Amino acid sequence: PPLWFSPETGMYTSKFPSLHLPVDPNLDAVSALFSHIHDGDDAASAAFVDSSTGFSISYTELRVMVKSMAAGIYHDLGVRQGDVVSLVLPNSVYFPVIFLSLISLGAIVTTVNPSSSLGEIKKQVSECNVGLAFTSHENFEKLSSLGIVVIRVPESYDFDSFRIENPKFYAIIKRDFGFVPKPLINQDDVAAIMYSSGTTGASKGVLLTHRNLIATMELFVRFEASQYEYPGSSNVYLAALPLCHIYGLSLFVLGLLSLGSTIVVMRRFDASDVINVIERFKITHFPVVPPMLMALTKKAKGVCGEVFKSLKQVSCGAAPLSRKFIEDFLGTLPHVDLIQGYGMTESTAVGTRGFNSQKLRKYSSVGLLAPNMQAKVVDWSSGSFLPPGNRGELWIQGPGVMKGYLNNPEATQMTISEDSWLRTGDIAYFDEDGYLFIVDRIKEIIKYKGFQIAPADLEAVLVSHPLIIDAAVTAAPDEECGEIPVAFVVRRQETTLSEQDVISYVAAQVAPYRKVRKVVMVSSIPKSPTGKILRKELKRILTNCVSS
Ligand code: 4UU
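Each number in our numbering corresponds to the 1-based position in the sequence shown with 45 added.
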């Protein structure tokens with residue numbers, strides 16, 4: 046057997062030597078990050094650039110801004126260690142500044158997708174006990190209605206103009222350092238609460254510690270860059286992934302900053318604009334989700350190859366990438382290295398990456414286990430641990446794995462075993478070279494364009510309708526979006542409630558990406574004797590509807 050698999054324990058270990066992670070128990074993630082940035086060339090180069098205006102923040106300025114902002118948040122807003130603050134923000138160069146300032150104070154950040162509905166925001170704000178939120182003008186009214194302190198983050202990067210238009214934010218970001226007592230932060234203190242539904246049920250707060258954030262920085266981002274032939278500081282990354290999701294957060298708010306790379310931030314992904322941005326800013330690396338890869342390929346077909354001269358690597362993750370998308374991309378942009386990565390919110394995005402993929406090009410693999418990570422492939426009927434070449438549920442272990450779910454010991458216990466294995470809910474196998482392939486998902490989540498949708502969240506909305514007796518939600522495959530949510534609905538006998546009525550009802554209460562896109566009226570929901578929805582059965586009904 047290969048060195049990286051033990052038949053005795055059934056354990057896969059990373060093929061890469063372990064990295065020494067910082068041992069100081071009182072190292073916080075922000076200090077860990079800045080410890081890698083030294084005065085000199087790196088400090089003068091741009092950390093962030095806004096893709097539409099070209100406004101930029103150098104590493105020197107970033108360090109100062111994070112300190113000023115931390116002082117402003119401490120003195121003017123009264124935030125203290127352990128307080129939970131919500132970021133309901135689209136991508137902007139201020140997002141990372143606010144995030145880092147907050148966690149440097151020992152405060153905890155919970156990120157909310159800015160397209161969320163009032164109900165969704167309210168749930169998260171109350172579960173996390175949020176007293177303060179940073180948001181953009183679109184969500185200002187919504188958040189203010191929740192009776193918490195709300196700080197509006199300006200769209201403008203012209204300090205002189207927002208000093209007048211938004212003096213509150215100006216005062217915070219431009220504050221003199223003054224004296225801010227340095228809190229004693231333990232690596233095991235929670236720094237962020239991200240939302241995920243895990244393997245089952247409604248979406249839950251994932252507790253990520255400073256140790257987890259340091260792990261993603263070191264094992265996912267810095268390790269990958271150490272495998273390149275060129276220095277990480279020379280790379281220009283395009284940040285079009287949402288910063289509120291773990292994939293974007295790990296890269297653009299944490300890891301890449303420790304390398305001195307330049308990050309060009311797009312407010313939102315726009316395929317037509319992306320080509321111009323790649324050319325204008327000489328983007329070298331572009332992390333995407335599958336629908337973005339497809340859109341990029343489509344646009345690239347009509348464009349002269351010169352435009353993409355700078356582009357070295359496109360990395361894709363968060364959802365399965367079809368062979369068709371891969372082939373189409375390779376045929377269109379053959380000079381660009383394409384790799385996949387795999388991770389979860391619950392593992393702080395640490396998992397596998399196509400590290401060093403120049404050697405073996407296995408495009409449909411999600412890559413090799415990151416350093417310091419272990420895995421098992423578990424046979425779900427016998428519980429035995431499977432050797433390379435065999436499919437089973439993937440379990441992973443290592444310093445990226447979350448502390449647990451917020452206020453939910455049952456869900457934590459179901460997800461993390463006693464000997465600290467994280468059950469991923471993904472079906473996978475390792476090949477004879479140690480490359481991981483994700484082949485299926487047994488957990489309930491639906492992945493729409495890489496975003497998570499928890500069926501249980503939509504089911505709760507559906508059954509709140511007075512004319513709906515029962516409901517269940519499952520995924521239908523979709524070429525462009527990966528999967529779309531389909532609702533099975535049992536309506537009151539005497540009503541004329543239509544499919545469109547159901548779609549509109551849900552759409553009014555959830556973020557646009559989470560809305561139900563198809564409705565099937567049924568006379569009952571298939572359930573087990575204990576009342577659990579039989580999701581496999583739903584999938585079977587769906588396949589029959591499509592084929593008949
Ligand atoms: C098939 O989506 C994420 C994290 C994405 C990520 C992390 C590190 C991408 C690239 C990278 O290098 O987190 P969640 O919590 O939203 O969703 C996690 C789930 C996984 O359990 C799996 O079902 O998303 C799915 N998934 C993938 N599926 C994630 N990456 C992949 C992938 N192929 N490459």
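C-beta atoms are modelled at their ideal positions from N, C-alpha and C, and glycine is treated no differently.
These figures come from a predicted structure and were not determined experimentally.
For residue 221, the closest of 116, 153, 316 and 562 by C-alpha to C-alpha distance is 116. Residue pairing of residue 565 in beta bridges, as defined by DSSP: 533. For residue 273, there is no enclosing alpha helix (DSSP H), as DSSP gives it neither H nor E. Annotated three-state conformation of residue 501 is helix, per DSSP. By alpha-carbon distance to residue 320, the top candidate from 349, 143 and 181 is 349. As a beta-bridge residue in DSSP terms, residue 131 pairs with 155 and 178. When beta bridges are read from the DSSP output, residue 332 appears opposite 360. Close CB contacts of residue 71 within its chain, under the 8 Å cut and outside five residues either way in sequence, are with 229, 230, 231 and 232 (chain order). If you look at residue 492, you'll find it in the beta strand (DSSP E) that goes 491 to 493. Distances between the C-beta of residue 469 and the heavy atoms of the ligand 4UU include at least one below 7 Å. Distance from the C-beta of residue 365 to the nearest heavy atom of the ligand 4UU is below 7 Å. For residue 559, the number of other beta carbons within 10 angstroms of its own is at least 16, and it is reported as buried. Shortest Cα-Cα distance from residue 299 to any of 79, 375 and 543 involves 79.
Bridge pairing for residue 115: absent [DSSP]. Of the residues assessed, residue 569 falls on the exposed side of the cut-off, its CB having fewer than 16 other CB atoms within 10 angstroms. In this structure residue 400 touches residue 269 by the C-beta definition: roughly 6 Å separates them, less than 8 Å.
A direct Cα-Cα distance of roughly 15 Å separates residue 303 from residue 256.
If you check the C-beta of residue 293 against the ligand 4UU, you find no heavy atom less than 7 Å away. By the beta-carbon neighbour count (other beta carbons within 10 angstroms, threshold 16), residue 149 is buried. Three or more Cβ pairs closer than 8 Å define a contact, and the stretch 337 to 344 falls short of that threshold against the stretch 496 to 516.
Burial of residue 450 is indicated by the presence of at least 16 other C-beta atoms within 10 angstroms of its C-beta. Counting only residues of its own chain and dropping the five nearest sequence neighbours on each side, residue 247 has a CB closer than 8 Å to the CB of 499, 501, 502 and 505. Rounded to whole angstroms, residue 587 and residue 522 show a C-alpha spacing of 10 Å.
Per DSSP, the beta-bridge partners of residue 254 are 235. Taking non-hydrogen atoms of the ligand 4UU into account, the C-beta of residue 328 is found less than 7 Å away from none of them. Under the DSSP assignment, residue 385 falls in the beta strand (DSSP E) whose first and last residues are 382 to 387. By a beta-carbon distance limit of 8 Å, residue 353 does not contact residue 383. Their separation comes to about 13 Å. Residue 141: not part of any beta strand (DSSP E); member of the alpha helix (DSSP H) spanning 139 to 149, first to last residue.
The continuous beta strand (DSSP E) containing residue 56 extends over residues 56 to 58.
If you draw a straight line from the Cα of residue 282 to the Cα of residue 309, it comes to about 6 Å.
Checking the 7 Å criterion, the Cβ of residue 168 is out of range of every heavy atom belonging to the ligand 4UU. For residue 442, the pairing in a beta bridge is given by DSSP as 419. The beta carbon of residue 512 sits closer than 7 Å to the beta carbons of 536, 537, 540 and 542 from its chain, once the five residues preceding and following it are set aside; these are given in chain order. Residue side-chain check: residue 406 keeps its Cβ at 7 Å or more from all non-hydrogen atoms of the ligand 4UU.
Residues of the same chain with a CB within less than 6 Å of the CB of residue 189, apart from the 5 flanking positions on each side, are 195 in chain order.
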